[in-house]
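S.K.: The structure follows.
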Amino acid sequence: MNQIDINRILESMLSYRENISDLNFSVGRSPQVEVSGQLMPVPIKGMERLSPYQTEMIALSLMAQDREIMRKLTHTGSTD
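Every letter in the sequence shown is one number past the one before it in our numbering, and letter 12, counting from 1, is 24.
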């Protein structure tokens, strides 16, 4: 998975609905967006169920080099 793939996933998610407040990536699930408090799966070919590898690559790409975000993810299992 490269940066172009990750950008394609993010573009698909952000254009799925209006008023998206959150993007959610969980192993074993498709990428999800949160709209008005509701999680909605986003159908993306090849991403019907995120693998641990895919989820990790997306997370690392989004966190870039922010050590505080990485620390929070490691300790709590999630981050904003």
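C-beta atoms are modelled at their ideal positions from N, C-alpha and C, and glycine is treated no differently.
Give the straight-line distance between the Cα atoms of methionine 82 and proline 43, rounded to the nearest whole angstrom.
M.R.: Numbered from its first residue, the sequence shown carries residue 82 at position 70. Numbered from its first residue, the sequence shown carries residue 43 at position 31. The alpha-carbon atoms of methionine 82 and proline 43 are separated by roughly 20 Å.
S.K.: Below 8 Å, how does it come out for the region 52–69 and the region 21–29: are there three or more Cβ pairs, yes or no?
M.R.: A contact exists between the region 52–69 and the region 21–29.
S.K.: Measuring only the C-alpha atoms, how far is glutamate 60 from valine 47?
M.R.: On the sequence shown, residue 60 is found 48 positions in, with the first residue counted as 1. On the sequence shown, residue 47 is found 35 positions in, with the first residue counted as 1. Glutamate 60 and valine 47: Cα-Cα distance of roughly 20 Å.
S.K.: Which runs of the alpha helix (DSSP H) spanning at least 4 residues fall entirely within the region 44–75, listed in chain order?
M.R.: Taking only runs of at least 4 residues, the alpha helix (DSSP H) segments lying wholly in the region 44–75 are 64–75.
S.K.: What residue does the alpha helix (DSSP H) around aspartate 17 start on, and which one ends it?
M.R.: In the sequence shown, counting from the first residue as 1, residue 17 sits at position 5. Residues 15–26.
S.K.: Have a look at the DSSP bridge pairing and note the partners of asparagine 31.
M.R.: Position 19 of the sequence shown, counted from the first residue, corresponds to residue 31. Per DSSP, none; premise fails for asparagine 31.
S.K.: How many angstroms separate the CA atom of aspartate 92 from the CA atom of phenylalanine 37?
M.R.: Looking up residue 92 in the sequence shown gives position 80. Looking up residue 37 in the sequence shown gives position 25. If I take the Cα positions, the gap works out to 11 Å.
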